[in-house]
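Chains A and V supply the protein sequences, listed in that same order.
Residue 136 in the numbering used here sits at position 128 of the first sequence, and the numbers go up by one each step.
Residue 23 in the numbering used here sits at position 31 of the second sequence, and the numbers go up by one each step.
All residues carry an ideal CB built from backbone N, CA and C; glycine is no exception.
Encoded as structure tokens, the structure appears first; notes follow it.
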Amino acid sequence: MLPEPREAEIIARLRAKDLDALGELYRDLGGAMLTLARSILKSRDEADDVVEDALMRIHRAAPGFRGERGLRTWTLRIVANLCRDRLRRGKFSAGPPEELDPLAHAGLVVDPVAGWDRNLDLERKLAALERALGELPADQREAVILCDRMDLSYEEAAATLGISVGALKSRLFRARDTLRAKLGGKE
Amino acid sequence: MVEHDDEDRTLTDILRSVRAEPDPVLWTRARARLEAGERVGGFLGWLMRPAALASSMAALALSVALSTTLVLNTEPKVSTTETNLSDALLAMPSTPLEELNVTSEQAIGEDTL
């Protein structure tokens, strides 16, 4: 998240349609925007199109942005809405064919995690989890990605999705249950 | 319960280890698009949108087709011999002279009364 004075300054410059401010927003939040879009859409090209469109929309809508929800929430909300539109239009099938690596296809990278058991077949587990994530209903997938992958608070994730914290927790509960079952079954 | 928590932690650890790198090319492309949009702007920008362009082309094709149909199906007008004012005056039936004989009293008429 951006420090408050810097966020206020970027919002003011965005309102004045300053393109450099939009570049700074992308530098700070681009990773989160791409992680969200690529995780939901499972296609690097589609996700990159969505993030590009989101930047256009942010530039257009910035003069009316009052900053109540915070820049990151607002930005991610725009990305989530555009992803939903793409999925609704069904222009492509989410997820690569079985034989392709779902992470590489989506343009996602894996950071090493300290304390991971090296005996686990991590690559297989990662691919299985990514496929299971892609099979979740879109609303549950969004919740897992925002809370578990991107580490947003319940409040911020709920505001990003435009739902109540209770509804978010319910989606998360069901999604985690499904993922646990799928991963357990595949091992 | 402990097993459940462990499973959840593993799940979260795996999920959290995956992310996307910001792509500088994407920003370059977006910026170029925004700058091009600002340069063009206004009506021309609207006209350049594919949907607007397609509907403009459709409207043009329709109007061309309509006007061609009208031109081809309209009977040519019967041409008159009068091509200018003097021809038109010559072609008018002449007025008998008696009708043009007006006395000066009649000409002054009742206007003076």
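The alpha-carbon of A/LEU63 is positioned some 20 Å away from that of A/ALA114. In terms of beta-carbon proximity, A/GLY38 lines the interface with chain V, with at least one pair separated by less than 7 Å.
In the structure shown, V/ARG11 adopts extended strand secondary structure according to DSSP, grouped into three states. Nearest in C-alpha terms to A/LEU22, of all of A/ARG65, A/ASP53, A/GLU60, is A/ARG65.
Within the stretch 164 to 193 of chain A, the residues whose Cβ lies closer than 8 Å to some Cβ of chain V are ARG184, LEU187, ARG188, LEU191, GLY192, listed in chain order. With respect to chain V, the C-beta atom of A/ASP53 has no partner C-beta closer than 7 Å. Per DSSP, A/CYS155 lies in no alpha helix (DSSP H) and is assigned neither H nor E.
For the pair A/LEU169 and A/ARG85, the Cα-to-Cα distance works out to about 6 Å.
Residue environment: A/ARG94 is assigned as buried (16 or more neighbouring CB atoms within 10 Å of its CB, all protein chains considered).
Across the set V/ALA44, V/ALA53, V/ALA24, V/ALA12, the C-alpha of V/ALA12 shows the shortest separation from the C-alpha of A/ASP56. Put simply, the CB of A/VAL58 is far from chain V, with every gap to its CB atoms at 7 Å or more. Two segments are said to touch when three or more pairs of C-beta atoms, one from each, lie closer than 8 Å; by this definition the stretch 74 to 92 of chain A touches the stretch 34 to 41 of chain A. Within the stretch 21 to 105 of chain A, the runs of alpha helix (DSSP H) at least 4 residues long that lie entirely inside it are, in chain order, 27 to 49, 52 to 69, 79 to 97. In this structure, A/LEU33 is the residue among A/ARG52, A/GLU54, A/LEU33 with its C-alpha nearest to the C-alpha of A/GLY78.
For A/ASP109, no alpha helix (DSSP H) run applies, since DSSP gives it neither H nor E. By the criterion of a C-beta distance shorter than 8 Å, A/VAL117 is surrounded in its chain by LEU111, once the five residues flanking it on both sides are discounted. Residues of chain A with a Cβ closer than 8 Å to the Cβ of V/ARG21 are, in chain order, GLU60. One finds ASP119, VAL121, ASP156, ARG157, MET158, ASP159 in chain A with Cβ atoms closer than 9 Å to the Cβ of V/ARG8, taken in chain order.
With a cutoff of 7 Å on beta-carbon distance, A/ALA166 and A/LEU176 are scored as near each other. About 7 Å separates the Cβ atoms of A/GLY31 and V/ARG23, confirming a contact at the 8 Å cut-off.
V/ARG1 has a beta carbon lying at 7 Å or more from every beta carbon in chain A. Here A/SER47 is buried: its Cβ has 16 or more other Cβ atoms, across all protein chains shown, within 10 Å. DSSP links A/VAL118 through a beta bridge to V/VAL10.
In this structure, the beta-carbon distance from V/SER9 to A/ASP61 does not fall below 7 Å.
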